[in-house]
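A.B. asks:
In this note's numbering, the protein residues as written are 119 to 272.
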């Protein structure tokens, strides 16, 4: 289903979900890099409960969504699990993501919420996220171009 086929109701639900997510990150202090870094250094394990609670809610929603006659609740489109193979790219991407999270003390979703609570220096990390995503896109396009020509992209 394209974005043009989705109505205003869908957009409002997505915005509401984002607001709830951001508010939850702010209330739980996950939008504060120093709290996240304390968690990553095993000094404060409070965020473990935040992530555990989020995992329980997400798991419950996905379990219920699978029982909704095979239709996505917001769009009515066919609903099903999309399985991604566990390959080298998943491992390398996870390591890079984790290193960035550890260095900056914040993950992408929490970075945006962090701006909302007045942490404007985090804009540097957000700029880095955009630059990294852009560079990865260039690298992927280069690999696809080389694969089409039959040469090695690595």
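Where is the CB? At the ideal position from N, CA and C, for every residue including glycine.
1) Strictly by DSSP, which residues pair up with residue 156?
2) Return the chain-ordered list of same chain residues with a C-beta closer than 7 Å to the C-beta of residue 204, the five sequence neighbours on each side being excluded.
3) In angstroms, rounded to a whole number, what distance separates the CA positions of residue 241 and residue 187?
4) Across the region 224-243 and the region 142-152, are there enough close Cβ pairs to call them in contact, namely three or more that are closer than 8 Å?
5) Measure the C-alpha to C-alpha separation of residue 130 and residue 124 and round it to an integer number of angstroms.
6) Does the count of Cβ pairs from the region 226-235 and the region 138-145 closer than 8 Å reach three?
7) On the criterion of 16 or more Cβ atoms from any shown chain inside 10 Å, does residue 138 qualify as buried, or is it exposed?
8) If you pair each beta-carbon of the region 249-266 with each one of the region 157-170, do three or more pairs fall below 8 Å?
9) Closest to residue 294 by CA distance: which of 184, 221 and 200 is it?
10) Could you please give the first and the last residue of the uninterrupted alpha helix (DSSP H) stretch that includes residue 226?
C.D. replies: According to the structure shown:
1) For the purposes of this step, residue 156 is identified with residue 38 of the chain shown, where counting begins at 1. DSSP lists no partner for residue 156.
2) Within the chain shown, residue 204 is the residue found at index 86, counting from 1. Nothing meets the Cβ criterion.
3) The sequence position of residue 241 within the chain shown is 123, counting from 1. The sequence position of residue 187 within the chain shown is 69, counting from 1. Computed Cα separation, rounded: 42 Å.
4) Short answer: they touch.
5) Sequence index remark: in the chain shown, residue 130 carries index 12 (1-based). Sequence index remark: in the chain shown, residue 124 carries index 6 (1-based). Distance from the CA atom of residue 130 to the CA atom of residue 124, rounded to whole angstroms, is 11 Å.
6) Three or more pairs of CB atoms, one per stretch, sit closer than 8 Å, so the region 226-235 contacts the region 138-145.
7) Taking the first residue of the chain shown as position 1, residue 138 is located at position 20. It counts as exposed.
8) no
9) The first residue shown for the chain is 119 and the last is 272, placing residue 294 beyond what the model contains.
10) Looking up residue 226 in the chain shown gives position 108. Per DSSP, residue 226 belongs to the alpha helix (DSSP H) from 226-234.
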